[in-house]
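Numbering (the working numbering), first residue to last: 515 to 1468.
Where a beta carbon is used, it is the ideal one built from N, C-alpha and C, also for glycine.
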Amino acid sequence: MSDRGDLIKNNPYQDRLPRAVLHLTLGLSLLICPGVAAAAPQTDPVGNLPESPENTTPDSLEEQASRAFKEGEQLFLEGTPEALIAAIAKLQEARSLYQQLGNQSLEAETLIGLAFVATASRNSQGALDYLQQALTLKQAVEDLPGVADVLFNLGRSYAELGTFTPALDAYHQARDLYQKLELPSAEAFALIERGAVYDALGEYQQALDSYNEALPLWKEAGDRSAVAVTLNNIGKIYDDLGQYREALDYYNQALPLYRELDDPFGVALTLNNIGNVYEALGDKQAALDRYNEALPLWQEARDRRGEATTLNNIGFVYAKDGEYPQALEIYRQGLPLWESAGDRRGEASTLNNIGFVYASLGDNSKALEYYNQALPLRQSVGDRPKEALTRYRIAVALRQQGQLDNALTEIETAIAIAEDLRTNVASQDSRASFFAKVQDYYEFYIDLLMELHQQQPTAGFDAKALQASEQGRARSLLEILNEANADIRQGADPQLLDRERSIQQQLSALEERRIQLLSGPHTPEQADALSAEIEDLLTQYRRVQTLLRVTSPRYAALTQPQPLTLTQIQEQVLDDDTILLEYSLGKERSYLWVVTKTSLTSYTLPPREEIEQSAKQFRNALTIPSLRIRRSIFTQTSAALSEKVLGPAADFLGDDKRLLIVSDGALQYIPFAALAVPNPPDDSESYLPLIVKHEVVSLPSASTMAVLRQEIAGRTPASKTLAVLADPVFTPYDDRLQPNASDESLTLGTKSETGTRASEVEFSRLPYTKLEAEEILALVPESERRKAFGFEASREAATNPELSQYRIVHFATHGLLNSVNPELSGLVFSLLNKQGEPLNGFLRLHEIFNLNLPAELIVLSACETGLGQEIRGEGLVGLTRGFMYAGAPRVLVSLWSVDDEATARLMVNFYQKMLQQGLTPAAALRSAQIELWEQQRWQAPFYWAAFTLQGEWQ
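1) On the premise that Val-1159 lies in contact with Tyr-1105, defined as a C-beta separation below 8 angstroms, what is that separation, rounded to the nearest angstrom?
2) Taking the C-alpha atoms as reference points, what is the distance between Ala-1460 and Arg-1144?
3) Excluding the 5 residues flanking Ala-807 on each side, which residues of the same chain have their C-beta closer than 6 angstroms to its C-beta?
4) Looking at the secondary structure, which residues open and close the beta strand (DSSP E) in which Glu-1096 lies?
5) Assuming Ala-1287 and Arg-1321 are in contact, meaning their beta carbons sit under 8 angstroms apart, how far apart are those beta carbons, in whole angstroms?
6) Please name the residue in Val-1221, Leu-651 and Arg-636 whose C-alpha comes closest to that of Leu-626.
7) Given this structure, state the Cα-to-Cα distance separating Ile-868 from Leu-825, to the nearest angstrom.
8) Over what stretch of residues does the alpha helix (DSSP H) that includes Leu-809 continue unbroken?
9) Whole angstroms is fine: what's the gap from Val-1238's alpha carbon to Gly-1304's?
10) Tell me which residue opens and which closes the alpha helix (DSSP H) that Thr-1115 is part of.
11) State the Cα-Cα distance for the pair Ile-828 and Leu-903, rounded to the nearest angstrom.
12) Output the distance between the C-alpha atoms of Leu-668 and Leu-642, rounded to the nearest integer angstrom.
13) Mind checking Lys-1284: buried by the 16 CB within 10 Å criterion, or exposed?
14) Based on Cα-Cα distance, which residue from Ile-1175, Leu-1095, Ala-930 and Ala-579 lies nearest to Tyr-1117?
15) DSSP three-state label for Gly-1382, please.
16) With a Cβ-Cβ cutoff of 9 angstroms, do Ser-1278 and His-1324 count as a contact?
17) Just to confirm my understanding: we take Asp-713, look at its own chain, exclude 5 residues before and 5 after, and list those with CB closer than 8 angstroms. What are they?
18) Determine which residues share a DSSP beta bridge with Pro-1203 and list them.
19) With a threshold of 16 other CB atoms inside 10 Å of the CB of Pro-1474, please say whether the residue is buried or exposed.
20) Whole-angstrom Cβ separation of Asn-1366 and Pro-1315, contact assumed at under 8 angstroms?
21) Counting beta carbon pairs with one atom in the stretch 627 to 637 and one in the stretch 583 to 598, are three or more of them shorter than 8 angstroms?
22) Thinking just about the alpha-carbon of each residue, which of Ala-648, Ala-702 and Ala-710 is nearest to the one in Arg-670?
23) Here's the rule: buried if 16 or more other CB atoms are within 10 angstroms of the residue's CB, otherwise exposed. What is Pro-1008?
24) With a cut-off of 8 angstroms, do at least 3 Cβ pairs link the stretch 1200 to 1219 to the stretch 1166 to 1186?
25) Looking at the unbroken alpha helix (DSSP H) that takes in Phe-630, where does it start and where does it end?
26) Could you check the C-alpha separation between Leu-1021 and Arg-1057 for me, to the nearest Å?
27) Starting from Tyr-792, trace the alpha helix (DSSP H) in both directions and tell me its first and last residue.
28) By Cβ distance below 8 angstroms, which residues in the same chain neighbour Ala-1023 in space, the five residues on each side in sequence not counted?
29) What separation, rounded to the nearest whole angstrom, lies between the Cα atoms of Ser-1215 and Asp-1091?
30) Please identify the residue among Leu-1346, Ala-1292 and Glu-1157 whose C-alpha is closest to the C-alpha of Glu-1310.
31) Just list the residues that DSSP pairs Pro-839 with in beta bridges.
32) Looking at the unbroken beta strand (DSSP E) that takes in Leu-1357, where does it start and where does it end?
33) What does the Cβ neighbour count give for Ala-1312, buried or exposed, with the cut at 16 atoms within 10 Å?
34) Among Ala-742, Gln-767, Glu-621 and Thr-744, which has the Cα closest to the Cα of Asp-483?
35) Can you list, in chain order, the residues of its chain with a C-beta nearer than 7 angstroms to that of Phe-1424? Leave out the 5 residues immediately preceding and following it.
36) Give the list of continuous alpha helix (DSSP H) stretches no shorter than 4 residues that lie fully inside the stretch 698 to 728.
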């Protein structure tokens, strides 16, 4: 877990404040926001005033007040401690004279001047007192621009004191007034400052919203400096959320603007933040290059805070690489700079990092000394994300000292903070990315609980560890299923829904163009340009999705679904014939919890790296042609992995029990059904797959099952049985368009290596899908079925609301896997109509989410439909989630590019057993897989093990 120094620049003009402010006499507050001053009443303190200082008329009092104010201004600009004290005296004199004159407006301006002097004297509370008095006066004279400006400055003063709630209230009021007064630049300033406060609170979504509202205001005003500031701040939020590609994109937009503006502060700031992204991505040298480019710019500008920030980050890179002496030397250079700048947040960061170095050197007492200096600083400035990090570090050090109970208290506090921060982010992508960043907390928590379980076996720590495992996985899936049940789009803003549809259509069109481009001759520049367009649209789409959530009345009323406890899993998920196997892979050791209706048993397994290496070897032996033909390699890898992940619990599993598998890491990519039965008899040399002994079902988490059951409880079953979409038309060379044309794809079904349902750029015909579909449909009366073959197997058919009338929906076609942007994963339907004209045949994941498809079973008879982007703490984000959100409690998917003919045979057997013999989908799949395994030609698990049932098994 890094503790880097990220910089934001709230006010694009803060390096010219308060000097520029004081150059407009009697307009102190008004020049906080350029653009506001023009709307404010201006006063000439010298012109048309009597010259005689002895004259006691009202005019001479005004002249005296003006002179005292100007003298106070000059003293303020000198900036020495003595001059600041004298400035206060002169401004107080001016204030007293304005009071005698009864001029409340100018008295208020003088109070604002006193507030600036107090701020420069580091008397934040005094500044606040002056501003509150100024606000009362501005309100009394109904000076709305002045009221707005004072509120703005109040927000800054509250923020400097770390009292963020009143700061936000002040910024909200200021923004509303600026908007009412039609002062867009001032409004943008208030939004920027408000965003910075939200960022400090760890309320990333609100910060992002504020910055995104400010950005178009700056662009419209043509203010490139402010645009650069805002781009930088947006990048920083994405960095905090772990969305590093997005962060880098915004930083790289800001950097050239700062260079064009010849703004060394902005250049240094952005270089520092780009260095942070490279560090997070593991590119040490690129990070150091950016930091070392920024450092002399800070030093030249004599910006202590900036210099300290970059030194902190250089130290972190060295510490992360194990170069501890260099790290300590760098950190110690930065620490006095933080102190002299009065930056408690930065000082805490470096103190925390020094503690980490000592902990890495084995000196936990020294580490705790520094952590305990950092913690109160972080609490005092309300830095909750970093407070959680420091508490995590304290917990690690306390555990090393054997103080397990105290360590438990600290890590539970850290996780409580992380949970609260996570729920304040509305965007599911950002929420998942943030969750991935704090997975170390959950891994440590589980490991600590299991250590306590070893010491106190009857205290229930193993059950608590299981609950922590549930708490640390697939949370976004739980939440989106909860949203689906609430139908959060009801009552949503129609304009937002229209915008969502428009972006979806544009995305589909661009993806189709990308497929066509990559299928033919093209330059890298063309591909990159198209990818950039798609990325921009995806960013817009995610933003609209977030707005739909935060503006939905139903979403606001939702309570966050909570992960299940052991008792709840036993009561709500399991039955007497079902055993849950839940895995948690850790750096030093992994764990398996075996849960039945009445018991919990836990096992310690090898470290993550060892298990994942075995899992990859097993998958390669299954799927790589040159390996899978060597039976001995597969047998060895299957037995080795089985021994690691099933062997410890072998005696507990028995025979004929259904196994619910909640896997982790690389285990999500392997079919447990194909693992060898663990601990075979000594005289057994043959391979016996687990499916022979057990029905196997996959789940993202046990808690997911409970939410799925709530969603379908009381649902009226669909009136018809089966809808099948199969054998689409992909190319103009298909013989269904040109009967005399040669179409090599028609022969692919006889070629075991090329006849796969692969997610390639070029889509060949899958001839066995039609045979598969016809045999399946023959099992169902004509009135109970619907078929769409060839041209009719279109995207329009796949999104037809009539599909909701069928209990089973079967898609036999190509799949698309996009592991970078999972929203672009999907299924491919006919790409041409009967006239040979191109069609949009791509059904993307983001469109699947919007379907109403409450089928009892979705079958995706295509390649790799069970895979997706792996996000730590969330698992695989792919098509399964989309169809579950659309209403399906169970989805049959594949883990690799499947053989066309073998899949056709498997599917026909599966449907026969389900529709004719009345087996459940899980039992039918098991029976069909065993039947294929027993045939010599299809015995290799490559042909039958790819398909796995995810979700409800009953």
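This is what the structure holds:
1) Tyr-1105 to Val-1159, Cβ: 11 angstroms. No contact.
2) One C-alpha to the other measures close to 19 angstroms.
3) The question names Ala, but residue 807 in the sequence shown is Glu. Excluding sequence neighbours, Glu-807 sits near Leu-785.
4) Here the beta strand (DSSP E) through Glu-1096 covers 1092 to 1098.
5) Separation of the CB atoms of Ala-1287 and Arg-1321 is rounded to 17 angstroms, and the pair is thereby denied contact status at 8 angstroms.
6) In the sequence on display, residue 626 carries Ile and not Leu. Of Val-1221, Leu-651 and Arg-636, the residue nearest in Cα terms is Leu-651.
7) Going from the Cα of Ile-868 to the Cα of Leu-825 covers about 12 angstroms.
8) Run containing Leu-809: 798 to 815, per the alpha helix (DSSP H) assignment.
9) So the alpha carbons of these two residues sit roughly 11 angstroms apart.
10) Element bounds for Thr-1115: not the alpha helix (DSSP H) but the beta strand (DSSP E), 1114 to 1119.
11) Spanning the alpha carbons of Ile-828 and Leu-903 requires a straight line of approximately 19 angstroms.
12) Leu-642 has its alpha-carbon roughly 6 angstroms from the corresponding atom of Leu-668.
13) Answer is buried; the Cβ neighbour count reaches 16.
14) Nearest option by C-alpha distance: Leu-1095.
15) Residue confidence is low: Gly-1382 scores 42 on pLDDT, short of 50, so the model does not pin down where it sits. Its coordinate-derived value is still stated next. In the displayed model, Gly-1382 falls within a strand according to three-state DSSP.
16) No, the pair does not count as a contact, with Cβ atoms beyond the cut-off.
17) Within the same chain, Asp-713 has close Cβ partners Ile-522, Ala-721, Asn-747, Lys-750, Ile-751 and Asp-754.
18) DSSP output for Pro-1203 lists Ala-1190 as bridge partner(s).
19) Since the first residue shown for the chain is 515 and the last is 1468, residue 1474 is missing from the structure and cannot be characterised.
20) Rounded, the Cβ-Cβ distance is 7 angstroms, consistent with contact.
21) Counting Cβ pairs under 8 angstroms, three or more are found: they touch.
22) Nearest option by C-alpha distance: Ala-710.
23) Exposed, because fewer than 16 other Cβ atoms sit within 10 Å of the Cβ of Pro-1008.
24) Enough Cβ pairs lie closer than 8 angstroms, so yes.
25) For Phe-630, the enclosing alpha helix (DSSP H) covers residues 618 to 634.
26) Taking the CA atoms as reference points, Leu-1021 sits about 14 angstroms from Arg-1057.
27) Unbroken alpha helix (DSSP H) run through Tyr-792: 778 to 794.
28) Apart from sequence neighbours up to five positions away, the residues of its chain that approach Ala-1023 with a beta-carbon distance below 8 angstroms are Asn-1354, ordered along the chain.
29) For Ser-1215 and Asp-1091, the distance between alpha carbons rounds to 19 angstroms.
30) When only C-alpha atoms are compared, the closest one is Leu-1346.
31) For Pro-839, which the question treats as bridged, DSSP gives no partner whatsoever.
32) For Leu-1357, the enclosing beta strand (DSSP E) stretches over residues 1356 to 1358.
33) For Ala-1312, the number of other beta carbons within 10 angstroms of its own is at least 16, and it is reported as buried.
34) Absent from the model: residue 483. The displayed extent of the chain is 515 to 1468, so no value can be given.
35) Excluding sequence neighbours, Phe-1424 sits near Ala-1438, Leu-1439 and Ala-1442.
36) Listed in chain order, the complete alpha helix (DSSP H) runs (minimum 4 residues) inside the stretch 698 to 728 are 698 to 715.
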